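Trainee: Take the sequence shown: its position 364, counted from the start at 1, is 364 in this note's numbering, and no numbers get skipped.
A virtual CB, placed ideally from N, CA and C, is assigned to each residue, including glycine.
Since the model is a prediction, treat every value here as computed from it, not as a measurement.
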Amino acid sequence: MKKMKALLFIPLISALGLTACSSNSSTPATTNSSAAPAATVGAKSEEKVSIRFAWWGDGKRHEKYNAIADMYEKQHPNVKIVREFGAFNDYWDKMATQTAGGNMPDVVGMHATYVADYARRNTLLDLGTFVQDGTINLKDFPEAVQEAGKVNGKTFMVAQGVTMTGWEYNTAMFDKLGVKYPDYNWTWDDFTAKVTEIQKAIKEPGVWASGDNSNDITGLQVFARQRGKDLFTAEGKLGVNKEDIVAWFSIWDKLRKIKAIPDAATTEQYLTVSLDQGLFVKGKLALTVFPFNQIPLYQNYIKDGEVRSVRRPTDPNGKEGEFVEGAYLAVSANSKQAKAAASFIDFFVNNEEAEKVFKLEQGALGSTKGNETIKPLLSPAEQRTTEAIQTSLKTAGQLPLPPAGQGAVRTLLTETAQSVAFGKSTVDQGAKDFIDKATTILNK
Numbered sequence: 001m002k003k004m005k006a007l008l009f010i011p012l013i014s015a016l017g018l019t020a021c022s023s024n025s026s027t028p029a030t031t032n033s034s035a036a037p038a039a040t041v042g043a044k045s046e047e048k049v050s051i052r053f054a055w056w057g058d059g060k061r062h063e064k065y066n067a068i069a070d071m072y073e074k075q076h077p078n079v080k081i082v083r084e085f086g087a088f089n090d091y092w093d094k095m096a097t098q099t100a101g102g103n104m105p106d107v108v109g110m111h112a113t114y115v116a117d118y119a120r121r122n123t124l125l126d127l128g129t130f131v132q133d134g135t136i137n138l139k140d141f142p143e144a145v146q147e148a149g150k151v152n153g154k155t156f157m158v159a160q161g162v163t164m165t166g167w168e169y170n171t172a173m174f175d176k177l178g179v180k181y182p183d184y185n186w187t188w189d190d191f192t193a194k195v196t197e198i199q200k201a202i203k204e205p206g207v208w209a210s211g212d213n214s215n216d217i218t219g220l221q222v223f224a225r226q227r228g229k230d231l232f233t234a235e236g237k238l239g240v241n242k243e244d245i246v247a248w249f250s251i252w253d254k255l256r257k258i259k260a261i262p263d264a265a266t267t268e269q270y271l272t273v274s275l276d277q278g279l280f281v282k283g284k285l286a287l288t289v290f291p292f293n294q295i296p297l298y299q300n301y302i303k304d305g306e307v308r309s310v311r312r313p314t315d316p317n318g319k320e321g322e323f324v325e326g327a328y329l330a331v332s333a334n335s336k337q338a339k340a341a342a343s344f345i346d347f348f349v350n351n352e353e354a355e356k357v358f359k360l361e362q363g364a365l366g367s368t369k370g371n372e373t374i375k376p377l378l379s380p381a382e383q384r385t386t387e388a389i390q391t392s393l394k395t396a397g398q399l400p401l402p403p404a405g406q407g408a409v410r411t412l413l414t415e416t417a418q419s420v421a422f423g424k425s426t427v428d429q430g431a432k433d434f435i436d437k438a439t440t441i442l443n444k
């Protein structure tokens with residue numbers, strides 16, 4: 001459970017320094033004439049400027065980020081991008097240490113889940129001035145995408161890639177079972193009916209209609225918003241009550257009883273396996289949940305059928321619950337090269353050649369214009385990704401800003417969901433335990 005372990009460091013996350021190499025590239029090749037020209041990135045055109053740029057990811061991502069940094073250096077001969085990068089868990093652990101020591105890199109990869117805590121700790125720079133003067137051009141960024149980068153009305157980060165999490169399925173499996181594909185705008189009743197229909201059509205053991213997502217904190221956040229609440233309040237307290245959690249656990253408990261989702265032991269066994277070893281890729285699940293930007297990744301391993309997506313089930317009597325997720329770039333509040341850092345961010349998200357390199361690395365581009373630029377370069381699976389994200393942006397709101405204790409609450413949800421799944425707790429007792437313990441965590 002590496003991912004979950006990393007989330008326990010959320011309170012400290014602030015700007016892990018990932019290093020990269022260097023090269024060159026100039027001001028963002030955009031039509032924005034007010035963007036900072038190469039000669040003004042430093043105090044003087046001949047002045048040598050060094051900015052540290054940190055991000056997380058795998059080897060393929062490092063190649064892309066390094067290529068973009070190289071392009072920037074080429075256009076800005078006086079700027080050197082010192083690069084710091086690492087795996088997800090290591091990145092956030094290192095960032096916690098660097099933040100505590102006042103040694104955050106100038107430009108940092110940031111996540112929508114973490115930005116609020118960093119902003120509240122005054123470790124991130126308000127980028128509003130650079131947006132206003134044109135150093136960072138956001139005119140082609142949808143309002144929902146711009147809002148996702150704000151905390152208390154101030155812009156603290158700019159979207160590299162945006163995504164939403166939804167349900168995915170493989171058309172080949174549905175065709176084999178003789179079941180119609182789910183409707184994009186399905187409700188929770190539709191979801192339950194479809195899962196039941198699929199399970200009745202499955203004839204072989206060890207195959208299920210859906211994954212068990214009772215431990216999915218993002219799903220719970222969406223569910224709470226549909227009920228007119230937020231999992232976490234603006235004050236950093238718990239925003240749901242026992243009845244809300246009972247309703248959430250009950251959805252999965254009913255499906256578990258009809259064996260439409262995996263048993264508790266199987267769910268636990270596959271909780272931390274790699275993508276290619278998961279139940280969905282192995283053809284053991286008809287429906288699963290993951291961010292839309294991962295559709296091409298799954299499609300790489302699934303040769304029979306298309307990986308397609310639908311939104312999370314809705315509540316026809318409730319509100320829209322989805323919110324914008326994704327990866328962003330921010331600037332350290334202590335950066336001595338804030339102008340150059342802002343210029344680099346603008347280049348990263350607006351330069352056409354940089355966009356062509358980045359493509360859908362972390363979701364659809366923040367810029368609508370950028371998405372049109374890269375569209376001819378996309379595979380069918382990548383095009384399905386952008387279509388799903390662009391469609392969801394029409395209804396998605398801003399991410400509910402999580403408090404410092406959200407990592408512990410996330411772990412608690414997983415532990416409580418497992419307790420209910422294994423039959424160690426009833427739905428009612430599990431819900432009570434979650435509320436009591438989550439309240440204690442957030443009240444510290």
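According to the neighbour-count rule (16 or more other Cβ atoms, all chains shown, within 10 Å of its Cβ), is ALA224 buried or exposed?
Mentor: buried
Trainee: Can you check the stretch 389–438 for any alpha helix (DSSP H) of at least 4 residues that lies completely inside it and give the ranges in chain order?
Mentor: 406–421
Trainee: At a cut-off of 8 Å, would you count ASN137 as near the ligand NAP, judging by its Cβ distance to the nearest heavy atom?
Mentor: The ligand NAP is not among the ligands present in this structure, which contains no ligands whatsoever.
Trainee: In chain order, what residues of the same chain have a beta carbon less than 7 Å from the beta carbon of ILE136, not counting five sequence neighbours either side?
Mentor: LEU127, PHE130, VAL158, ALA342, ILE345 and ASP346
Trainee: When burial is assigned at 16 or more other CB atoms within 10 Å of the CB, is ILE258 buried or exposed?
Mentor: exposed
Trainee: Apart from the five residues on each side of it in sequence, which residues of its chain come closer than 6 Å, Cβ to Cβ, to MET173?
Mentor: ALA286
Trainee: Please report the distance separating the alpha-carbon of GLN406 from that of PRO77.
Mentor: 43 Å
Trainee: Thinking C-beta only, is ARG256 closer than 9 Å to ASP244?
Mentor: no
Trainee: Please classify PRO376: is it buried, with 16 or more other beta-carbons within 10 angstroms of its beta-carbon, or exposed?
Mentor: By the neighbour-count criterion, in which 16 or more other beta carbons inside 10 Å mark a residue as buried, PRO376 falls on the exposed side.
Trainee: Measure the C-alpha to C-alpha separation of GLY42 and LYS394 and round it to an integer number of angstroms.
Mentor: Bear in mind that the predicted position of GLY42 carries a pLDDT of just 46, short of 50, making it unreliable; the figure below should be weighed with that in mind. One C-alpha to the other measures close to 39 Å.
Trainee: Answer with buried or exposed for SER274, where buried requires no fewer than 16 other C-beta atoms within 10 angstroms of its C-beta.
Mentor: exposed
Trainee: Have a look at LYS444, GLY86, ASP70 and TRP56 and flag the residue whose alpha-carbon is nearest the alpha-carbon of VAL79.
Mentor: ASP70
Trainee: Could you check whether the stretch 325–335 touches the stretch 228–247, counting it as contact only if at least three pairs of C-beta atoms, one from each stretch, sit closer than 8 Å?
Mentor: As far as the Cβ criterion goes, the stretch 325–335 does not touch the stretch 228–247, which means the pair count is below three.
Trainee: Just how far apart, CA to CA, sit GLY149 and PRO205?
Mentor: For GLY149 and PRO205, the distance between alpha carbons rounds to 46 Å.
Trainee: THR288 and GLY219 - do their beta-carbons sit closer together than 9 Å?
Mentor: no
Trainee: In this structure, does DSSP put ASN300 in helix, strand or coil?
Mentor: helix
Trainee: Can you tell me which of VAL108, TRP248 and GLN98 puts its alpha carbon nearest to the alpha carbon of ALA338?
Mentor: VAL108
Trainee: Run through DSSP, which three-state label would TRP186 get?
Mentor: coil
Trainee: Beta-carbon separation of ALA119 and VAL82 under 9 Å?
Mentor: Taking 9 Å as the cut-off, the beta carbon of ALA119 is found no closer than this to the beta carbon of VAL82.
Trainee: Jot down the residue ranges of each uninterrupted alpha helix (DSSP H) in the stretch 283–355, minimum 4 residues, whole runs only, in chain order.
Mentor: 295–301 and 338–350
Trainee: Do the CB positions of PHE141 and VAL222 come within less than 9 Å of each other?
Mentor: no
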